[in-house]
Amino acid sequence: MIFDAHNHIGFRKGLEYPVEKLIGEMDAANIDRAVVFSFPEQIDNDYVAESVKRFSDRLVGFAQVNPWSQDAELVLKRCVEDLGLKGLKLHPVRHGYAFDNHTILDPIFSLCERYSIPVLAYGGANVLSSPNMFEEMAQTFPSVNFILAHGGQMYETRSAIGVAKRRPNVYIETSAMFANRVESLYKEVGPEKIVMGTDKPYGDFAIELEKIQLVIAEPEVRERITCHNLRKLLGEKVMNYDY
325 MIFDAHNHIG
335 FRKGLEYPVE
345 KLIGEMDAAN
355 IDRAVVFSFP
365 EQIDNDYVAE
375 SVKRFSDRLV
385 GFAQVNPWSQ
395 DAELVLKRCV
405 EDLGLKGLKL
415 HPVRHGYAFD
425 NHTILDPIFS
435 LCERYSIPVL
445 AYGGANVLSS
455 PNMFEEMAQT
465 FPSVNFILAH
475 GGQMYETRSA
485 IGVAKRRPNV
495 YIETSAMFAN
505 RVESLYKEVG
515 PEKIVMGTDK
525 PYGDFAIELE
535 KIQLVIAEPE
545 VRERITCHNL
555 RKLLGEKVMN
565 YDY
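Residue numbers for the sequence shown follow the working numbering, so the first one is 325 and each next one is one higher.
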């Protein structure tokens, strides 16, 4: 099974990516399931929830919030309690805050702790979302699982690897990473801390899958990265793996 951790759906100025298009591309690429959430520029958690309801066997929805908003905590609470969304997606760069800003993020991560939901956040090479900031928050909230999207990309992969090794609650998502960086991540951190993502509609399913296939020869190990690690983070029962 292939379970992709990083996909946007919805509509924003200049880009429309309805759920039907995602499902069609998933079918074409043999992607079984996908985590979906709004574009950060146009948050529509209701559309995500409606899409998950329509394709409940294929999609898992994450909430998206802007932590600067006065009602951010209320939005997250509604997303989890009323809409049934299973995680949180954050984009510090798009919304203009540092990922170690305790003033605006601590109340949100406290809710994630209460609901036992993972946090997937943009983790490219950027001063607002560097891996060391993930480490700060992972240390402050040790029971919250943080997924560092893009693995620091090309400039901060080494830092991301170090954080994932030191912090048991930090995982790395592989979209936009070079294959050789994924290989370094696999060799130094191990398969249990890696999840595969594509970042639709910007990424390509086939390319992201090929990176994993190039790096990891053993099918059962690949399946951890392309499916079971994400299922574990979502609280789904995973058999036959010694986690």
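Note that beta-carbon positions come from the ideal geometry of N, C-alpha and C, so glycine has one too.
Environment of residue i [buried if 16+ CB atoms lie within 10 Å]
i, result
"residue 509", "buried"
"residue 329", "buried"
"residue 526", "exposed"
"residue 427", "exposed"
"residue 416", "buried"
"residue 495", "buried"
"residue 421", "buried"
"residue 339", "exposed"
"residue 553", "buried"
"residue 346", "buried"
"residue 463", "exposed"
"residue 380", "exposed"
"residue 535", "buried"
Reference residue i; option with closest CA among the options
i, options, result
"residue 467", "482, 443 and 386", "443"
"residue 429", "326, 391, 348 and 439", "391"
"residue 356", "520, 395, 403 and 502", "520"
"residue 406", "415, 395, 370 and 353", "370"
"residue 530", "554, 558 and 499", "499"
"residue 547", "523, 398 and 518", "518"
"residue 299", "545, 400, 516 and 524", "Since the first residue shown for the chain is 325 and the last is 567, residue 299 is missing from the structure and cannot be characterised."
"residue 457", "423, 375 and 472", "423"
"residue 366", "489, 347 and 414", "414"
"residue 373", "393, 545 and 404", "404"
"residue 522", "337, 408, 336 and 361", "361"
DSSP beta-bridge partners of residue i
i, result
"residue 340", "335"
"residue 413", "388 and 444"
"residue 538", "Bridge partners of residue 538: none, in fact."
"residue 519", "497"
"residue 295", "There is simply no residue 295 to check, as the chain begins at 325 and stops at 567 in what is shown."
"residue 358", "328 and 383"
"residue 363", "366"
"residue 524", "331"
Alpha-carbon to alpha-carbon, residue j and residue i
i, j, result
"residue 560", "residue 410", "11 Å"
"residue 475", "residue 385", "22 Å"
"residue 550", "residue 395", "35 Å"
"residue 567", "residue 459", "Bear in mind that a pLDDT of 46 at residue 567, under 50, signals an unreliable position, so the model cannot answer this."
"residue 568", "residue 378", "Only positions 325 to 567 of the chain appear in this structure, which leaves residue 568 out of reach."
"residue 481", "residue 455", "9 Å"
"residue 452", "residue 477", "14 Å"
"residue 445", "residue 473", "6 Å"
"residue 283", "residue 352", "Since the first residue of the chain shown is 325 and the last is 567, residue 283 is not available in this structure."
"residue 418", "residue 364", "7 Å"
"residue 532", "residue 493", "23 Å"
"residue 325", "residue 514", "20 Å"
"residue 358", "residue 327", "5 Å"
"residue 491", "residue 485", "10 Å"
"residue 563", "residue 447", "30 Å"
Interface flag, residue i vs chain C, CB-CB below 9 Å
i, result
"residue 487", "Included in the structure is just one protein chain, with no chain C present."
TODO: Could you tell me whether the region 529-549 touches the region 494-507, where touching means 3 or more Cβ pairs closer than 8 Å?
DONE: yes
Open item on the list: Closer than 8 Å is the cut-off here; do at least three beta carbon pairs connect the region 432-442 with the region 465-482?
Closed with: yes
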